[in-house]
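*Asks:* In this note's numbering, the protein residues as written are 15 to 139.
Provided herewith is a single structure, encoded as C-alpha cells, for subsequent inquiry.
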C-alpha cells in the first residue's frame with residue numbers, strides 16, 4: 015500500500031530548496047512580496063504507515079475536518095468546538111505542522127492554524 019499526501023507548498027519547503035539554485039528565484043520573490051498567499055503550488059509526498067495511523071485516528075480526523083470547515087479559529091476556539099483541552103489540540107496541530115500539513119498565522123495574540131493538506135490517496139497495488 016502506498017499513501018500519497020498532497021499539500022500546499024510551505025515556507026519551510028522554500029527554505030529547504032533555497033540553496034539548490036536560481037530557478038526558484040521567481041517563487042522566492044513572489045513569496046517575499048505577497049507572503050503565504052503566493053504559495054499555491056501542490057507537493058505530493060509518500061508517507062509511512064505510522065504517519066497514516068495517527069492521521070486517520072478518530073480525534074485527528076475530527077480535528078482536520080474542523081480545520082477545513084472552520085477557517086480562522088484559534089487553538090482555544092478549536093478546542094472548545096471539539097470538546098478537548100487546548101494542550102491536546104495543540105499537540106495534534108504540532109504533529110500536522112511537523113509534517114507540513116498546516117501552518118500557523120499570527121493574528122494579534124492568537125495563532126491561527128491553517129490547513130495546507132489537500133488530499134490523501136491510498137493506493138493498493
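Glycine included, C-beta positions come from ideal geometry on N, C-alpha and C.
Please read these numbers as outputs of a predicted model, since none were measured by experiment.
Classify residue 24 as buried or exposed, calling it buried when 16 or more other Cβ atoms lie within 10 Å of its own Cβ.
*Replies:* Burial call: buried.
*Asks:* Just tell me which of 139, 109, 124 and 125 has its CA closest to the CA of residue 64.
*Replies:* It is 109.
*Asks:* Could you work out which residue in 138, 131 and 139 is closest to residue 19 when comparing CA atoms only?
*Replies:* Closest option to residue 19, Cα to Cα, is 131.
*Asks:* Please tell me whether residue 112 and residue 128 are closer than 8 angstroms, where the distance is taken between their beta carbons.
*Replies:* Contact flag unset, no.
*Asks:* Measuring alpha carbon to alpha carbon, tell me which residue in 16, 136, 139 and 69 is nearest residue 107.
*Replies:* The option with the nearest alpha carbon to residue 107 is 69.
*Asks:* Using only the alpha-carbon positions, how far apart do residue 133 and residue 57 sit?
*Replies:* Spanning the two alpha carbons is a distance of roughly 10 angstroms.
*Asks:* Given a cut-off of 8 angstroms, decide if residue 16 and residue 59 are closer than it, judged by their beta-carbon atoms.
*Replies:* Going by C-beta atoms, residue 59 is not nearer than 8 angstroms to residue 16.
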